[in-house]
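Undergrad: Let me begin by handing over the structure; questions about it come next.
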Amino acid sequence: SVGGLGGSPFAEGAAGNLATEALVYVLDDMGLSTGISLPRLLDAAALVESLVAHPLPSAVANAGPRLPVA
1123 SVGGLGGSPF AEGAAGNLAT EALVYVLDDM GLSTGISLPR LLDAAALVES
1173 LVAHPLPSAV ANAGPRLPVA
């Protein structure tokens, strides 16, 4: 569910799916290795956004990852 796309057309009020990049971001922030490149996942979300031609609901895709603090 890159970008938070998805959801069930049969479930009334279904808002969509958890954005994959949000989950990877949180797990990375907790120090858990996912083996998934967040920058590449964000690139994929940008591509998907251009393909569907409307903004994605993903906060991480829209804001980008937090910059490391020195």
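Numbers in the numbering used here are just positions in the sequence shown, counted from 1, shifted up by 1122.
Glycine included, C-beta positions come from ideal geometry on N, C-alpha and C.
None of the values given here were measured: they were computed from a predicted structure.
1. Using CA atoms only, rank isn't needed, just tell me which of Asp1151, Ala1175, Ile1158 and Gly1153 is closest to Thr1142.
2. Where does Ala1181 land, buried or exposed, given buried means 16+ other C-beta within 10 angstroms?
3. Please identify the residue among Glu1134, Leu1140 and Asp1150 whose C-alpha is closest to the C-alpha of Arg1188.
4. Residue range of the alpha helix (DSSP H) that Leu1169 falls in?
5. Is Thr1156 helix, strand or coil by DSSP?
TA: Per the coordinate set shown:
1. Ranked by Cα distance from Thr1142, the options Asp1151, Ala1175, Ile1158 and Gly1153 are led by Ile1158.
2. exposed
3. Asp1150
4. Leu1160 to Val1174
5. Three-state DSSP puts Thr1156 in coil, outside helix and strand.
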